[in-house]
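Input: a single structure, listed below in structure tokens.
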Amino acid sequence: IYTPNANFNGTDTFTVTVSDGHGGTTTSTVTVTIDPVNDAPTVPNYAQTTDEDTPVSGQVVGSDVDGDTLTYVKGSDPANGTVTVNADGTYT
Numbered sequence: 005i006y007t008p009n010a011n012f013n014g015t016d017t018f019t020v021t022v023s024d025g026h027g028g029t030t031t032s033t034v035t036v037t038i039d040p041v042n043d044a045p046t047v048p049n050y051a052q053t054t055d056e057d058t059p060v061s062g063q064v065v066g067s068d069v070d071g072d073t074l075t076y077v078k079g080s081d082p083a084n085g086t087v088t089v090n091a092d093g094t095y096t
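Per the numbering used here: the sequence shown = residues 5 to 96.
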């Protein structure tokens with residue numbers, strides 16, 4: 005089984021040597037083409053602390069190994085407050 009390195013795409017090769025057990029050998033080159041695929045962005049979890057009745061703001065920062073432009077939207081409402089999430093990942 006050939007397994008490419010994580011996030012590698014392009015061409016890779018390896019050789020296989022075949023022997024007849026009596027001194028005769030030959031070598032075959034195997035070429036594997038690994039097509040790129042879109043990888044999902046990654047983002048860490050964040051934790052903040054604030055005093056009662058005091059708003060808090062911040063920014064969620066993700067990354068994408070493919071270099072895609074990231075946008076941010078609110079995924080769910082908080083149970084005990086309100087939040088606005090902006091397209092650049094800032095929230096208030």
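We treat Cβ as the ideally placed atom computed from N, Cα and C, and that holds for glycine.
Because the structure is a prediction, the values reported are computed rather than measured.
Non-local C-beta neighbours of G14 in its own chain, meaning closer than 7 Å and more than five positions away in sequence, comprise I38, ordered along the chain.
Per DSSP, the beta-bridge partners of S32 are V20. In the three-state DSSP reduction, T46 falls in the strand class (E or B). The C-alpha of V22 lies about 13 Å from the C-alpha of V34. Going by beta carbons, G93 and V64 fall inside the 8 Å limit.
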